[in-house]
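Enquirer: Sharing a structure with you now.
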Amino acid sequence: MNKIIVVIILSWFVSFNQVNAQAKNILGYDVPVITPFASTITGVASSKISLNGSWGFDIKEQSQKGKNIQVPGEWEMQDYTVNEGQTAVYSKRLDIPADWKGKQIKIRFDGVSSHALVKVNGKKLGEHEGSFVPFEVDLTSALNYKNDVLEVEVQALTVSDRLACTSQYACHTVGGLLRKVTLFAVAPVHIISPTINTVFDGEYKNASLVIGSSILNNSLVLANAQLEFTLFDANGKIVAKKSSALEKGIDINGTNDVETTLVIKTPKHWNPEHPYLYKLQTDLLVNGILQQTNEQRVGFRQIIIKGNQVFVNGKPIKLHGVNRHSVHPLTGRSISPELDRKDAELFRAANCNYIRTSHYPPSEEFLNAADELGLFVESEASLTWIQHHASPIWKLWNYTDEKLLPFMVRANMDNILAGRNHPSIIIWSLGNESRWSPLWEKVNAVVKQMDKSRPTSFHDQCWGGFNNAGSKADIANYHYPGIDGPKATDTMSRPTLFGEYSHLTTYNRRELLSDPGVRSAYNAPLVQFYDSIYHHKGNLGGAIWSGIDDTFHMPDGRIVGYGPWGPLDAWRRPKPEYFGVKKAYSPVRVTNVNWSTLHKGYVELTVENRYDFTSLKEVSIEVKINGVSKSVSSDIPARGKGILRIPAVKNAKELYISFTDPRGFMADEEKYENTTIVEEQDKKVAVSFSENEAAITVKQGDVNYLINKITGIITSVTKNNQTVLTQGPVFCMVPMNDEDGGKPNVAGETYQNNIYPVKNYPLYTLFAKELTATQTDQGIRVSMKTTYTNAKGKQSYLFTTDGKLVTEYEVECGDYDVSPYQYGLLMQLPKQFEQLRWKRKGEFTTYPENDIARNEGTAMLNAKHVNGVEEPGVIPNGDWKDDANDLGSNDFRSTKRYIKSAVLQDKMGNSIKVLSDGTQASRSWLQDERIQWLIADYSNTGSEPFYGSPHTDGRIKTKNKTLKGKLILIIK
1 MNKIIVVIIL SWFVSFNQVN AQAKNILGYD VPVITPFAST ITGVASSKIS LNGSWGFDIK
61 EQSQKGKNIQ VPGEWEMQDY TVNEGQTAVY SKRLDIPADW KGKQIKIRFD GVSSHALVKV
121 NGKKLGEHEG SFVPFEVDLT SALNYKNDVL EVEVQALTVS DRLACTSQYA CHTVGGLLRK
181 VTLFAVAPVH IISPTINTVF DGEYKNASLV IGSSILNNSL VLANAQLEFT LFDANGKIVA
241 KKSSALEKGI DINGTNDVET TLVIKTPKHW NPEHPYLYKL QTDLLVNGIL QQTNEQRVGF
301 RQIIIKGNQV FVNGKPIKLH GVNRHSVHPL TGRSISPELD RKDAELFRAA NCNYIRTSHY
361 PPSEEFLNAA DELGLFVESE ASLTWIQHHA SPIWKLWNYT DEKLLPFMVR ANMDNILAGR
421 NHPSIIIWSL GNESRWSPLW EKVNAVVKQM DKSRPTSFHD QCWGGFNNAG SKADIANYHY
481 PGIDGPKATD TMSRPTLFGE YSHLTTYNRR ELLSDPGVRS AYNAPLVQFY DSIYHHKGNL
541 GGAIWSGIDD TFHMPDGRIV GYGPWGPLDA WRRPKPEYFG VKKAYSPVRV TNVNWSTLHK
601 GYVELTVENR YDFTSLKEVS IEVKINGVSK SVSSDIPARG KGILRIPAVK NAKELYISFT
661 DPRGFMADEE KYENTTIVEE QDKKVAVSFS ENEAAITVKQ GDVNYLINKI TGIITSVTKN
721 NQTVLTQGPV FCMVPMNDED GGKPNVAGET YQNNIYPVKN YPLYTLFAKE LTATQTDQGI
781 RVSMKTTYTN AKGKQSYLFT TDGKLVTEYE VECGDYDVSP YQYGLLMQLP KQFEQLRWKR
841 KGEFTTYPEN DIARNEGTAM LNAKHVNGVE EPGVIPNGDW KDDANDLGSN DFRSTKRYIK
901 SAVLQDKMGN SIKVLSDGTQ ASRSWLQDER IQWLIADYSN TGSEPFYGSP HTDGRIKTKN
961 KTLKGKLILI IK
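Here it is, written out as structure tokens:
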């Protein structure tokens, strides 16, 4: 293996030097050249051509030729197999415009996985190792300007893929031209590798825009060149204009560096809450004649570290966001520009201000969206799990081997070159979940030399014994802390980022298929966790793991990946956690509602402004009192607290308030009620009972109950001779279940087609004894002692004169030691009871209408047989809540926590209604041709093994515990 690495490194350096003959050198490493596209070139109609579309595709080692493939795209997602060691050959005929003759003609690949060799007309012109980053090749010397043929030879699973775990992570070979390909022309004397940096004065009022450029002379004569810079505001008004000094006698094939500073009075700042962008126009004049014009968007943004905090434009920041993979089920790691932008829009709408680009650099399109919409970005180099147990290659390779260093350096250089002029990028991540070593120290030094304007991060563990080797990046990191983690950051000398925290429930795959309500239970602990992050200044913030489901629908019908670990599914539909993220990250928090001030003519709200840069006077606040709209305002400053008084009449019963972000989306909304719920009064009914040796029959109005004397279980309930209940209520305990489907894996990549829900049944009742039936003033009471296979207890039924059935139980577990997910009373109903209605006192006062956790709603069973976790290759056409399996729709079969009432009803209008006090949960599903209905007295957040506190809070063991509960229902 070491010999292989040496060969690859030697070839890489040879090609690198060929392509970048004028490259600068940092600490012994040549810096690749990136040439900006010209917006106009004198004498040229259009300076660039997209090469996206259909390309020829062959595999060198296979005889069949003449295939086609779409670019950009992965070959495996297009049903091609290229094995390790084989070479895919992409080909395309080039039609060079006539007005490009005499220009330098280059090609830029925005991302090729993982090794590319570029040829024109059979001549090798350059190669590149590494995925998800742009590189360019000068084609000029090989062009005939007629019948030119471009070939790109691509291999996957090369050394950069291993260092990044690119294919391992995606559970399939990620190979091909993943991102756009652009053919472009520049003048023979042209600009390369521009840089833009902002330096504010001490008051962050005025700023210097420091512009670095290099002028490359590829003409045949010495050149005199000059740059003219013009800065425009967002309205197209000229803000500043300046020319550089004249660069005289630039050598043939030589490069001159130019640095120019524009001093700008009171520029508008760029921050994610006010993403103001200027346009910088750069005109290149050679011998006094305009050759080309370049354009670059500019945001005035400066980052500094003071102590253990990060400041942007003089303000301390708190990062709250998610990790993001580039993923789509049908196209894999190659996604469209429209989807890049949609992701940015969706996460911004969820109140995220930060995206960590796990675990490779983002596309140009995503960064453009982040610049425009307002998102901080931590751009991560394509390196992951170096000397980590998740990557088995380190059982063979030595993570301190100097032969690896050029690849690690190049991955970081390419990352910087791709993104350094985007104001949204505020952190360079050197790599993911790797062990610090002298190699990383050298990488960090190169990055700091290459870009002094941004801090570096390194994703290891900055405390404890696991993966903590004393990293020296500017920002400390910790993944998956518990609730005490934020407090610990205040003791750190560096700002501490939770690069991954609050992992969504993922690996308890069978439990999730059984009860999607586990996802809703994630949200309240997330709010608690982020509150702690917010209040500890040493905690820079965190990125939830993860942002989008990582699922790949392979053309052969397999579904692979890490699976559903995002608040967005892979089709970009919001899941229940999406709203939890929005609430946790809300920039405006109403912490108290005081109705007692109504006699003074207003309701008093205590409000916390969690924006970093925005006063509430910039936020549109809309209020409805008893349905009447009002507009109010507040001047609570960023990071401040205050009182908001809402004018209201004395009989105000309902208050709705919404906060609209200055960027145009609703940041949060709340709904409060000043009412007392009056319980509905049921009609009196006659109650009687009879019995024989086998059963007790209770008649309650037009409802008949049959109780088995051996087990004490109600085995039949009829209303007007129609069956409404076939069994129960009977005690049921649902064990926690973290089964992942059983697929062999090294790092949890167990998602697959053939994972199925879990069946759940009542605790098996052996017999009941001391069973008695008595008449009381309240109605008929049936009591018994119960013996189960693993426990014992007692249970009673009260059939009341106002039509209720009240069931109470106690179960003594003794040595029966289980970790329950839920326990309570389970009923079985005929399959026709397919409509569920509920009212609940939710964790939040408002929910989206399509959220399975909404406080009030109706859900239909709509069970559907799916042969596995989801339908391979099928694009869903409805809301996530309406997806279904054999147990029913996500909406129907998901646990509804904190219910006040729940109803199951058939098409004939027969119904069973459960009354509760907001402490119980309702869960219904189809199993064994019966509707199962569990009213749980205990529910936790589920069995996700990645969970820590506070998501694990409330878990219990049953040994030596007595479990109690009560169920009230009415049959109508």
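According to UniProt numbering, the sequence shown is numbered sequentially starting from 1. The C-beta atom is built at its ideal place from N, Cα and C for all residues, glycine as well.
1. Using a 10 Å radius around the Cβ and a threshold of 16 neighbouring Cβ atoms, would you call E378 buried or exposed?
2. For the pair the segment 813-822 and the segment 838-845, tell me if three or more CB-CB distances fall below 8 Å.
3. Does DSSP put K248 in a helix, a strand or coil?
4. Could you check which residue in Q62, S54, K119, T919 has the C-alpha nearest to that of G73?
5. In the DSSP output, which residue or residues are listed as bridge partners for M666?
6. Select from S437, I931, L157, K709 the residue whose C-alpha is nearest the C-alpha of E834.
7. Indicate the three-state DSSP secondary structure (helix, strand or coil) for V181 in the structure shown.
8. Is S493 buried or exposed, if buried means 16 or more other CB atoms sit within 10 Å of its CB?
9. In chain order, which beta strand (DSSP E) runs of at least 3 residues are fully inside the segment 429-512?
10. Taking the straight line between their C-alpha atoms, what separation do you get for V7 and G122?
11. Would you decide whether I710 is buried or exposed? Buried here means 16 or more other CB atoms lie within 10 Å of its CB.
12. Per DSSP, what kind of secondary structure is K959 in: helix, strand or coil?
13. Measuring CB to CB, does E433 end up less than 9 Å from T384?
14. CA-CA distance, Y562 and C171?
15. For the segment 102-161, which segments carrying the beta strand (DSSP E) assignment without a break, of at least 3 residues, lie completely within its bounds, in sequence order?
16. So, for N353: in the same chain, excluding its five sequence neighbours on each side, which residues have a beta-carbon less than 7 Å away from its beta-carbon?
17. In this structure, how does DSSP classify K268 when only helix, strand and coil are distinguished?
18. Considering only their Cβ atoms, is the gap separating L963 from E810 smaller than 9 Å?
19. Taking C-beta to C-beta, are G547 and F347 nearer than 9 Å?
20. Which of helix, strand or coil does DSSP assign to F200?
21. Under 8 Å Cβ to Cβ from A21, same chain only, skipping five residues before and after it: list those, please.
22. Taking only the alpha-carbon atoms, compute the straight-line gap between N351 and G793 and give it to the nearest angstrom.
23. Can you check whether the CB of K106 is closer than 9 Å to the CB of A234?
24. Indicate whether Q263 and E247 have their beta-carbon atoms separated by less than 9 Å.
25. Using a Cβ distance threshold of 8 Å, determine whether the segment 648-656 contacts the segment 321-338, with at least three qualifying pairs required.
26. Give every residue of the same chain whose Cβ lies closer than 6 Å to the Cβ of N754, excluding the five residues on either side of it in the sequence, and list them in chain order.
27. Would the beta-carbon of V152 fall within 9 Å of that of L177?
28. Once you ignore the five residues that flank K743 on each side, which residues in its own chain have a CB closer than 6 Å to its CB?
29. Measure the CB-CB distance between residue 990 and I211 and report whether it falls below 9 Å.
30. What residues in its chain sit with their C-beta under 8 Å from that of T456, if we drop five residues either side in the sequence?
31. Rounded to the nearest angstrom, what separates L367 and P438 at their Cα positions?
32. Cα separation between T958 and V603?
33. For E856, which three-state DSSP category applies?
34. Quick one: grab the DSSP three-state call for I416.
35. Thinking just about the alpha-carbon of each residue, which of L540, S943, T726 is nearest to the one in V310?
36. Helix, strand or coil for L598, going by three-state DSSP, please let me know.
Expert: Once the coordinates are examined:
1. buried
2. No: fewer than three Cβ pairs fall under 8 Å.
3. strand
4. Of Q62, S54, K119, T919, the smallest CA-CA separation from G73 is found for S54.
5. According to DSSP, which records beta bridges pairwise, M666 is partnered with T660.
6. I931
7. Three-state DSSP puts V181 in a strand.
8. With fewer than 16 other Cβ atoms inside 10 Å of its own Cβ, S493 counts as exposed.
9. 456-459, 476-479, 496-501
10. Only weak support exists for where V7 lies, its pLDDT of 38 falling under 50; the coordinates are left without a value.
11. By the neighbour-count rule (16 or more Cβ atoms within 10 Å), I710 is not buried but exposed.
12. coil
13. Cβ distance < 9 Å, so E433 and T384 count as in contact.
14. 8 Å
15. 104-109, 115-120, 123-129, 135-138, 148-155
16. Residues P272, L319, H320, G321, L375, F376 of the same chain have their beta carbon placed closer than 7 Å to that of N353, with the five preceding and five following residues left out of the count.
17. coil
18. Here E810 is near L963, since their CB atoms are less than 9 Å apart.
19. yes
20. Strand at F200.
21. Legend: pLDDT at A21 = 41, less than 50; position of this residue unreliable, no value from coordinates given.
22. Roughly 49 Å separates the two Cα atoms.
23. no
24. Per the sequence shown, residue 263 should be read as Val rather than Gln. Taking 9 Å as the cut-off, the Cβ atoms of V263 and E247 do not count as close.
25. no
26. If you ignore the 5 residues before and after N754, its C-beta comes within less than 6 Å of the C-beta of G868, all in its own chain and listed in chain order.
27. yes
28. T750, Q752
29. What is shown of the chain runs 1 to 972, which leaves residue 990 out entirely.
30. Only residues of its own chain outside the window of five on either side were considered, and among them I427, W428, S429, L430, N444, V447, K448, A473, D474, I475 have a CB closer than 8 Å to the CB of T456, listed in chain order.
31. The straight-line gap separating the alpha-carbon atoms of L367 and P438 is approximately 31 Å.
32. 46 Å
33. strand
34. helix
35. L540
36. helix
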